[in-house]
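Undergrad: Chains as they are written, first to last, in my numbering: chain E, 1 to 114; chain U, 115 to 226.
Think of the CB as a built atom: it goes at the ideal place given N, C-alpha and C, for glycine as much as any other residue.
Here it is: the structure, laid out below.
Below you can see the structure in the form of structure tokens.
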């Protein structure tokens, strides 16, 4: 089955700097790659996703890149702000295995230092 | 519009006791899921239901059972709780294959 590895497990950056989180996946049939943000004590919420027919997607300060050949994808956050502090999860989905069976990475705890 | 609602939010059990986590969604979604979240391990899929009347195992189904009662409701049952099932449980729903998952607020379960 699918296996998703996420790095780093913790990341600390200065406010205003950029943050990058990287994920690799094992199943070449996976074609949907979302990123979820989970604030302390809250539920995970989708912040951006990408499908395998595109290489990059942007939404304001957030961007995701996908390299299907190398089977890795990354989350980029620019001009970081204190409210970006949270745990971020990447995930991958194999569409041939039924409903949205997302396999999640282990998570990255991002801390923005003022 | 409440989204995905889970009950209870907190529960403490003794080893061997049974309990059911309830989940309901009001977004008319076809698919529903149960995940567990443990420190350093991300979210792991326990069971899912692609549509009303169907259920399938996820990554970590052992020790759990599910029931898709109708399109709105999807329950998770622990028949004989074990300390290894201490976790935060999230129910989620999605409108279609490949769509966004909408999560409930989570249920924190402790098994002593």
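(1) Leaving aside the five residues before and after residue 14 of chain E along the sequence, list all residues of the same chain whose C-beta is less than 7 Å from its C-beta, in chain order.
(2) Within the chosen definition, does the region 76-93 of chain E reach the region 28-43 of chain E through at least 3 CB pairs nearer than 8 Å?
(3) Give every residue of the same chain whose Cβ lies closer than 7 Å to the Cβ of residue 175 of chain U, excluding the five residues on either side of it in the sequence, and list them in chain order.
(4) Between residue 151 of chain U and the rest of its own chain, which residues show a CB-CB distance below 7 Å, the 5 nearest in sequence each way excluded?
(5) Could you list which residues in chain U have their beta carbon closer than 8 Å to that of residue 106 of chain E, in chain order?
(6) When you compare the region 116-125 of chain U with the region 65-84 of chain E, are there three or more beta-carbon pairs, one atom per stretch, that lie closer than 8 Å?
(7) On the three-state DSSP scale, how would you describe residue 193 of chain U?
(8) Cα separation between residue 59 of chain E and residue 48 of chain E?
(9) How is residue 92 of chain E classed by DSSP in three states: helix, strand or coil?
(10) Can you give me, in chain order, the residues of the region 117-128 of chain U that have a beta carbon less than 9 Å from any beta carbon in chain E?
(11) Could you check whether residue 142 of chain U and residue 208 of chain U sit closer than 9 Å to each other, using their CB atoms as the reference points?
(12) Between residue 159 of chain U and chain E, is the shortest Cβ-Cβ distance under 9 Å, so that the two count as touching?
(13) Leaving out five residues before and five after residue 50 of chain E in sequence, what residues of the same chain have Cβ atoms less than 6 Å from its Cβ?
TA: The answer reads as follows:
(1) The residue you call residue 14 of chain E lines up with position 14 of the first chain. So the qualifying residues of the chain are 113.
(2) yes
(3) If you number the second chain from 1, residue 175 of chain U lands on position 61. Within the same chain, residue 175 of chain U has close Cβ partners 160 and 161.
(4) Translated into the one-based positions of the second chain, residue 151 of chain U becomes position 37. Only 157, 201, 202 and 204 meet the Cβ criterion.
(5) The sequence position of residue 106 of chain E within the first chain is 106, counting from 1. Simply 154, 155 and 156.
(6) no
(7) For the purposes of this step, residue 193 of chain U is taken as the residue at position 79 of the second chain. Note: residue 193 of chain U maps to coil in three-state DSSP.
(8) Within the first chain, the letter at position 59 stands for residue 59 of chain E. Within the first chain, the letter at position 48 stands for residue 48 of chain E. Each residue's Cα considered, the two are about 7 Å apart.
(9) Your numbering for residue 92 of chain E matches position 92 in the first chain. In this structure, residue 92 of chain E counts as strand in the three-state DSSP scheme.
(10) 118
(11) If you number the second chain from 1, residue 208 of chain U lands on position 94. If you number the second chain from 1, residue 142 of chain U lands on position 28. No, the Cβ-Cβ distance between residue 208 of chain U and residue 142 of chain U is not below 9 Å.
(12) As a position in the second chain, residue 159 of chain U is number 45, starting the count at 1. Answer yes: the Cβ-Cβ gap between residue 159 of chain U and chain E drops below 9 Å somewhere.
(13) Translated into positions along the first chain, residue 50 of chain E becomes position 50. For residue 50 of chain E, where only same-chain residues beyond five positions count, the Cβ hits under 6 Å are 33, 57, 64 and 66.
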